[in-house]
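Read the structure below first, then the notes.
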Amino acid sequence: MVMGKTTFLVVLLLSFSFVQAGFYDGFFDRFDDPTLNVKLEQQLLFSSPFDSLDVPVVAEKVVVPVTKKIIVPVTKVKKVEITLPPIIKITDSGFEPKEVKIQKGQTVVWKNERKRVNSLVYGLREIVDMKSEFIQPGDDFSWTFEEKGEFTYIDAVVIGRVGKVIVE
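Numbered by the numbering used here, the letters in the sequence shown go through residues 112 to 279 in order.
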């Protein structure tokens, strides 16, 4: 019988494995008894390599949290213009600023920043309907200008305080 190098190496490795695993010590002697052969075959067919281990096997549910970072590229930036209403401060020395320019339909806010004195903002000539109630210190009054023109207003509490709104 001619044996190739590969076959020889496989047989040699298997023999070495049997010796290392402890199978060789009397293992092949069992094959002389026919009843042992049947028992050995049944044992090999129906046994598990884990049968000899005395370790309980427990199945556990493992939950692994997954976080995923999503990066969304910004392709367009939309410029949004917000127009805040001009604020005219009512101070002890008068209106600041004394004159403002706005667009038609825009609102103007008067804020009383005096310490103790109330204020009344009244419109003259072109806007005689513009009349605030008493504006307490810290409070404000607003008016929306619906027409173009120059509109003069006064502080009806402190004489001589005058301002102007120019609507374009």
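Note that the Cβ used here is the ideal one computed from N, Cα and C, for glycine as well.
Model, not experiment: these values are computed from the prediction.
Pop quiz: residue i and residue j are said to be a contact at Cβ under 8 Å. What is the actual Cβ separation, rounded to whole angstroms?
i: Ile199; j: Pro208; result: 7 Å
i: Gly260; j: Val278; result: 6 Å
i: Ile246; j: Ser230; result: 5 Å
i: Phe262; j: Glu237; result: 5 Å
Measure the C-alpha to C-alpha separation of residue i and residue j and round it to an integer number of angstroms.
i: Phe252; j: Val185; result: 41 Å
i: Phe99; j: Lys222; result: No information on residue 99 is available, as it lies outside the stretch 112 to 279 that the chain covers here.
i: Val183; j: Val173; result: 31 Å
i: Glu258; j: Ile181; result: 51 Å
i: Leu235; j: Val188; result: 45 Å
i: Val177; j: Val191; result: 38 Å
i: Val276; j: Val228; result: 23 Å
i: Ile205; j: Trp254; result: Rather than Ile, the amino acid found at residue 205 in this sequence is Gly. The straight-line gap from Cα to Cα measures roughly 19 Å.
i: Arg272; j: Glu210; result: 12 Å
i: Asp203; j: Asp266; result: 11 Å
i: Val232; j: Pro197; result: 15 Å
Which of helix, strand or coil does DSSP assign to residue i?
i: Lys116; result: helix
i: Glu237; result: helix
Given a threshold of 16 other Cβ atoms within 10 Å of its Cβ, counted over all protein chains shown, does residue i qualify as buried or as exposed?
i: Ser243; result: buried
i: Gly274; result: buried
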